[in-house]
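Q:
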Amino acid sequence: MSSGAAASERTPAALTIAGSDSGGGAGIQADLKALAALGVHGTAAITAITAQNTLGVTAIHAIPPTIVLAQVRAVLDDIRIDAVKVGMLGDVAVIDAVAQALAELPDGVPVVVDPVMVAESGARLLESGAERALVERIVSRASVLTPNVPEALALVGRIGDRQELDEDGALALAEEVLALGAGAVLLTGGHRREATDVLVSRGGLRETIGGPRHRDGAAHGSGCTHSALLAGALARGADLPSAARTARELSGEAVGRGLRDIGAGAGPVDVIDLQARRREAHHAVDRLS
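The sequence shown lines up with residues 50 to 338 when you count with this note's numbering.
#1: May I have a chain-ordered list of the beta strand (DSSP E) segments no shorter than 3 residues that lie completely inside the segment 174-250?
#2: State buried or exposed for G76, treating a residue as buried only when at least 16 other CB atoms are found within 10 Å of its CB.
#3: Would you mind sorting L183 into buried or exposed? The rule is 16 or more other CB atoms within 10 Å of its CB.
#4: Whole angstroms is fine: what's the gap from V234's alpha carbon to D215's?
#5: Pull up the CB-CB distance for L236 and V198, whole angstroms please, since I reckon it's below 8 Å.
#6: Could you give the C-beta distance for I187 and A148, rounded to a whole number, given that I count them as a contact under 8 Å?
#7: Assuming T103 and G316 are in contact, meaning their beta carbons sit under 8 Å apart, how far apart are those beta carbons, in whole angstroms?
#8: Do G136 and A192 count as a contact pair if the criterion is CB distance below 7 Å?
#9: Which first and last residues belong to the beta strand (DSSP E) in which D322 is found?
#10: Do you know how far the Cα of S189 is from the Cα of V162?
#11: Taking only three categories from DSSP, how would you classify A277?
#12: In or out: A54 buried (at least 16 other Cβ within 10 Å) or exposed?
#13: First and last residue of the alpha helix (DSSP H) that includes I112?
#14: Are the beta-carbon atoms of G270 and G74 separated by less than 7 Å?
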């Protein structure tokens with residue numbers, strides 16, 4: 050592609066429908082950083098405001114469903130959206146509003162659903178009893194569902210199951226989740242001994258996506274970042290297997306660069322490489338001083 054063609058290329062845009070993390074590590078904040086890392090313009094509809102830091106969640110304020118829907122409609126009325134990521138929904142009323150919003154999307158827009166139920170700190174982010182509404186009203190609209198192992202087990206009613214999954218077991222669990230109605234399932238590997246993602250689809254796709262486990266990294270916001278990277282890659286026109294490999298690689302690197310010096314708890318992932326950006330800013334200041 051010539052430089053002129055590259056300059057005139059339309060900027061891809063994605064919409065994230067999720068909760069806000071006041072500590073900046075997860076939720077909307079993580080999503081927008083992940084989209085920017087892929088050169089995608091991020092737009093947002095906030096479903097809940099959480100009082101949150103690296104140690105945990107201390108309060109949650111749900112956004113009225115009419116405002117959630119109004120945010121989505123405002124974006125869609127003006128901006129061409131190439132992909133949607135859905136994260137924290139909180140309660141049945143917001144689930145209903147987001148289901149309506151997804152029904153109003155233009156045909157063909159991929160929808161990535163991260164079935165957020167519990168924060169990394171252990172705080173519950175989906176009201177007890179709302180899982181059925183999530184499955185019935187949101188999962189069936191997902192182009193790709195991106196649960197971790199505990200979320201996948203909860204979705205299929207195996208909440209107390211804590212067995213270690215080998216590759217065959219992970220594939221079987223992903224297929225079980227797929228039967229709930231999504232177009233595809235990307236079962237993330239962060240809660241398995243081998244940090245391997247598993248991708249299955251209604252078209253018969255079955256793929257494992259491996260990568261290193263960064264045990265010395267920081268992982269707060271890793272699930273949000275992974276699903277937002279997947280949406281961003283889809284917004285850029287990647288096919289699903291390529292987008293899944295991109296999400297695995299870049300989210301792993303973000304954990305490896307995780308900001309262990311931020312907060313007293315699990316530090317946030319770093320998907321935009323803040324250290325490199327600090328170096329660039331330092332050089333720019335030197336040039337201009």
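We treat Cβ as the ideally placed atom computed from N, Cα and C, and that holds for glycine.
A: Looking at the atomic coordinates:
#1: 233-236 and 246-250
#2: Buried.
#3: buried
#4: Rounded to the nearest angstrom, the two C-alpha atoms are 17 Å apart.
#5: 7 Å
#6: 6 Å
#7: 6 Å
#8: Here residue 192 is Ser; the residue named in the question, Ala, does not match the sequence. Contact: no.
#9: Per DSSP, D322 belongs to no beta strand (DSSP E) and is neither H nor E.
#10: 10 Å
#11: helix
#12: The predicted position of A54 is uncertain, since its pLDDT is 42 and thus under 50; no value can be drawn from it.
#13: DSSP places I112 outside any alpha helix (DSSP H), giving it a letter other than H or E.
#14: yes
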